[in-house]
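K.L.:
Pasting in a structure now, in structure tokens, and then I'll have a few things to ask.
Number of protein chains: 2
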Amino acid sequence: MRKALLSTARERDPDARKERIVNAAGEVFAKTGFAEGSVREISRQAHVNVASINYYFGSKEGLYREVLLTAHRQLLDQEPPPSPAADPELALREWIEFCLRFVLLKRSAHPVLGRLMAHEMRQPTAALAELVKLVIKPIFSNLVGIVNAVTNGTLDKPAREMSAHQIVAMCVHFDHSREVIGRLGFAVPEAEVGIQRLADSITNMALRGLKLPTPKKTRSTK
Amino acid sequence: MRKALLSTARERDPDARKERIVNAAGEVFAKTGFAEGSVREISRQAHVNVASINYYFGSKEGLYREVLLTAHRQLLDQEPPPSPAADPELALREWIEFCLRFVLLKRSAHPVLGRLMAHEMRQPTAALAELVKLVIKPIFSNLVGIVNAVTNGTLDKPAREMSAHQIVAMCVHFDHSREVIGRLGFAVPEAEVGIQRLADSITNMALRGLKLPTPKKTRSTK
DNA sequence: ATTGTAATCAAACAGCCGTTTATAAACGGC
DNA sequence: GCCGTTTATAAACGGCTGTTTGATTACAAT
Chain A
120 MRKALLSTAR ERDPDARKER IVNAAGEVFA KTGFAEGSVR EISRQAHVNV ASINYYFGSK
180 EGLYREVLLT AHRQLLDQEP PPSPAADPEL ALREWIEFCL RFVLLKRSAH PVLGRLMAHE
240 MRQPTAALAE LVKLVIKPIF SNLVGIVNAV TNGTLDKPAR EMSAHQIVAM CVHFDHSREV
300 IGRLGFAVPE AEVGIQRLAD SITNMALRGL KLPTPKKTRS TK
Chain B
120 MRKALLSTAR ERDPDARKER IVNAAGEVFA KTGFAEGSVR EISRQAHVNV ASINYYFGSK
180 EGLYREVLLT AHRQLLDQEP PPSPAADPEL ALREWIEFCL RFVLLKRSAH PVLGRLMAHE
240 MRQPTAALAE LVKLVIKPIF SNLVGIVNAV TNGTLDKPAR EMSAHQIVAM CVHFDHSREV
300 IGRLGFAVPE AEVGIQRLAD SITNMALRGL KLPTPKKTRS TK
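Same order as they appear, the protein sequences are chains A and B.
Residue numbering for the first sequence follows the numbering used here, beginning at 120 and increasing consecutively.
Residue numbering for the second sequence follows the numbering used here, beginning at 120 and increasing consecutively.
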């Protein structure tokens, strides 16, 4: 140890430094979104000089891109999608449970991602297309396949996808609109038991809705 | 030089002025949200001095609150909720059609509101609680009542509300997540015919899901 | 005609923003 | 020891932010 720990010794560890920046950026961006999060706040929180951010990531936007991708990589590692079950109905139930747990628990598991996704949804950046292609599309295709199995192939592609989107809707809504749902007096489940109950209700509605083809009972006129 | 009618004669009409400010603020806030929208941009777009905004609305946030409430008032005027039908199933179908049309057509009818609501969902301000209470809650209660009628009162309050939220989910999802849904290859309907088809599908799933009480068929263990 | 008050404005204020620059320290290779 | 390179920093840059100020205008009441 030639350089005995000075009080303000320069720490020379680019990787640890970059990681600290990315973590701090995740928290800051998650709190306020891309535009409102400031690099100074990030640098403060990461105990790093402001210039380091541009030095390592080129720009604020470069840092954001890094944060978004890193967050997804971490999340997928700790919350893998379900392996498809043989029984279609069971597969559907498990998919719904997975999706629900994903959207309702991901906040505590990884508080950054949920909000980042929400921001992407409102002001899509180039990263969203990549995200959909790499992460969301495979999982959604999985669901479409299950829907096809449950309905014995009686639905055409648009109808299958529409139904699948409806199922996704019932899962993500409770995360997406929790601010409104909570204010409407309904407690969005945050524990396993509540999520199971919600999964039951959604699975029930999805299964019944899929079981028989649409009876084409459009009302004539008002 | 008493400067009689100068080219930039002062226009003395506070009401028209305030309205111009609110309109401009709506467009600006809708484009970029509250924090990113600047009062200078608004003042420029409203052909008004910057100071006028604080003079009339106290602060940027005061102006935002005014915009949000005004937008809702206007929208409700031109898109009234359905009068409850005698037949519960018909009432449900009409409610879903109303809700779908509301979320899918409101952008062209009033492009400001959708984005404002989205921003509120992300970073709720004090205005959201008021909004829920005055606008959303009555409409939602309407739906809960319909759900109760369809199920012949066999569901308790939490179950009724949960089902109602699921139905709302299927309607709003196609607006909320349209960026992702579009990128998944599904065309979110924007015309009347597509909305009708979607309303059919949602109504079908909702009705079948509600018709019989949950069979309590929770799977034992994995 | 004068006064009082509300409305409007240009300009200034204080502060934060992302980025750049010049400088300095720590390192590996010679 | 000297070198070029990488890493880290403080300070400055130019620009934008919401808000305030103080002067000026218009109009209604006196």
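Ideal placement from N, C-alpha and C gives every residue a C-beta, glycine not left out.
All values derive from a computational prediction rather than experimental measurement.
For chain B, check one thing: does any of its Cβ atoms lie closer than 9 Å to the Cβ of residue 330(A)?
P.N.:
Cβ-Cβ to chain B under 9 Å: yes for residue 330(A).
K.L.:
For residue 314(B), collect the residues of the same chain with a Cβ closer than 7 Å to its Cβ; drop the 5 residues on either side in sequence, then sort them by chain order.
P.N.:
Within the same chain, residue 314(B) has close Cβ partners 219, 220, 223, 308.
K.L.:
Could you run through the stretch 126-155 of chain B and flag, in chain order, every residue whose CB is less than 8 Å away from some CB of chain A?
P.N.:
Result list: 151, 152, 154, 155.
K.L.:
Do residue 211(A) and residue 258(A) have their C-beta atoms closer together than 9 Å?
P.N.:
Not a contact, by the Cβ cut-off of 9 Å.
K.L.:
Which complete alpha helix (DSSP H) runs does the stretch 179-215 of chain A hold, if anything under 4 residues is left out?
P.N.:
Runs of the alpha helix (DSSP H) inside the stretch 179-215 of chain A: 179-197.
K.L.:
Within its chain, find whatever has a CB closer than 8 Å to the CB of residue 133(A); leave out the 5 residues flanking it on each side and keep chain order.
P.N.:
Around residue 133(A): 175.
K.L.:
Near residue 158(A), what residues of its chain come up, given a Cβ to Cβ distance below 7 Å and the 5 sequence neighbours on each side ignored?
P.N.:
If we look at residue 158(A) and ignore the five residues flanking it on each side, its Cβ neighbours are 169, 172, 179.
K.L.:
So which residues on chain A does residue 299(B) lean against when the C-beta distance must stay under 8 Å?
P.N.:
Chain A residues near residue 299(B): 240, 247, 251, 255.
K.L.:
So, do the stretch 287-294 of chain B and the stretch 290-305 of chain A have three or more beta carbon pairs nearer to each other than 8 Å?
P.N.:
Yes: at least three Cβ pairs fall under 8 Å.
K.L.:
I'd like the list of long-range same chain contacts for residue 147(A), defined as Cβ closer than 7 Å, with 5 residues on each side in sequence excluded.
P.N.:
Excluding positions up to five away in sequence, the list reads 156, 160, 161, 164.
K.L.:
Could one say the Cβ of residue 288(B) lies closer than 9 Å to chain A's Cβ atoms, at least one of them?
P.N.:
Chain A, which has a Cβ nearer than 9 Å to the Cβ of residue 288(B), makes this yes.
K.L.:
Kindly confirm or deny that the stretch 226-236 of chain A and the stretch 186-193 of chain A touch, where touching means at least three C-beta pairs closer than 8 Å.
P.N.:
At 8 Å Cβ cutoff, the stretches touch.
K.L.:
Any beta carbon of chain B sitting closer than 9 Å to that of residue 280(A)?
P.N.:
So yes, residue 280(A) belongs to the interface.
K.L.:
Three or more C-beta pairs under 8 Å: does that hold for the stretch 269-288 of chain A against the stretch 268-279 of chain B?
P.N.:
The stretch 269-288 of chain A is not in contact with the stretch 268-279 of chain B.
K.L.:
In whole angstroms, what is the alpha-carbon distance linking residue 152(B) and residue 167(A)?
P.N.:
About 30 Å.
K.L.:
Taking just the CA atoms, how far does residue 303(A) sit from residue 284(B)?
P.N.:
The straight-line gap from Cα to Cα measures roughly 10 Å.
K.L.:
Take residue 263(B) and list the residues in its own chain whose beta-carbon comes closer than 7 Å to its own, dropping the five residues that flank it on each side.
P.N.:
Here the set comprises 279, 280, 283.
K.L.:
Relative to the C-alpha of residue 255(A), which residue among 199(A), 186(A), 298(A), 270(A) is closest?
P.N.:
When only C-alpha atoms are compared, the closest one is 199(A).
K.L.:
Take residue 188(A) as the anchor and find which of 205(A), 236(A), 209(A) has the nearest alpha-carbon.
P.N.:
Comparing Cα-Cα distances from residue 188(A) to each of 205(A), 236(A), 209(A), the minimum goes to 236(A).
K.L.:
Less than 9 Å between CB atoms is the rule here; does residue 321(B) satisfy it with respect to chain A?
P.N.:
Closer than 9 Å to some Cβ of chain A, the Cβ of residue 321(B) qualifies, so yes.
K.L.:
Measuring only the C-alpha atoms, how far is residue 324(A) from residue 323(B)?
P.N.:
Going from the Cα of residue 324(A) to the Cα of residue 323(B) covers about 10 Å.
K.L.:
Whose C-beta lies closer than 8 Å to the C-beta of residue 186(B) among residues of the same chain, with five residues either side of it excluded?
P.N.:
Counting only Cβ-Cβ distances below 8 Å, and skipping sequence neighbours, we find 141, 144, 145, 148, 231, 235.
K.L.:
If you check the beta carbons only, do residue 261(A) and residue 207(A) fall under 9 Å apart?
P.N.:
Taking 9 Å as the Cβ cut-off, residue 261(A) and residue 207(A) do not qualify as a contacting pair.
K.L.:
Just to make sure I have the definition right: I need the residues of chain B whose C-beta is within less than 7 Å of the C-beta of residue 237(A). Which are they?
P.N.:
Within chain B, the residues near residue 237(A) are 241.
K.L.:
Which parts of the stretch 207-275 of chain A are runs of the beta strand (DSSP E), unbroken and 3 residues or longer, counting only runs that do not cross its ends?
P.N.:
Within the stretch 207-275 of chain A, no complete beta strand (DSSP E) run reaches 3 residues.
K.L.:
Output the residue ranges of the alpha helix (DSSP H) runs that lie fully inside the stretch 268-326 of chain A and measure 4 residues or longer, sorted by chain position.
P.N.:
Qualifying alpha helix (DSSP H) stretches, in chain order: 276-295, 297-302.
K.L.:
Which residues, in order along the stretch 291-315 of chain B, keep a beta-carbon less than 8 Å from a beta-carbon of chain A?
P.N.:
From the stretch 291-315 of chain B, only 291, 292, 293, 295, 296, 298, 299, 300, 302, 303, 304, 305, 315 have a Cβ closer than 8 Å to chain A.
K.L.:
Nearest-angstrom Cα distance between residue 343(B) and residue 209(A)?
P.N.:
Outside the displayed range of chain B (120 to 341) lies residue 343(B), so it cannot be described from this structure.
K.L.:
Mark residue 233(B) as exposed unless 16 or more other C-beta atoms lie within 10 angstroms of its C-beta, in which case mark it buried.
P.N.:
Its Cβ being crowded by 16 or more others within 10 Å, residue 233(B) is buried.
K.L.:
Below 8 Å on the Cβ atoms is my contact criterion, and I expect residue 328(A) with residue 181(B) to pass it. Report the Cβ-Cβ distance as a whole number of Å.
P.N.:
The pair is not a contact, with the Cβ atoms about 46 Å apart (cut-off 8 Å).
K.L.:
Please report whether the beta-carbon of residue 259(A) lies at a distance below 9 Å from any beta-carbon of chain B.
P.N.:
By this cut-off, residue 259(A) is an interface position.
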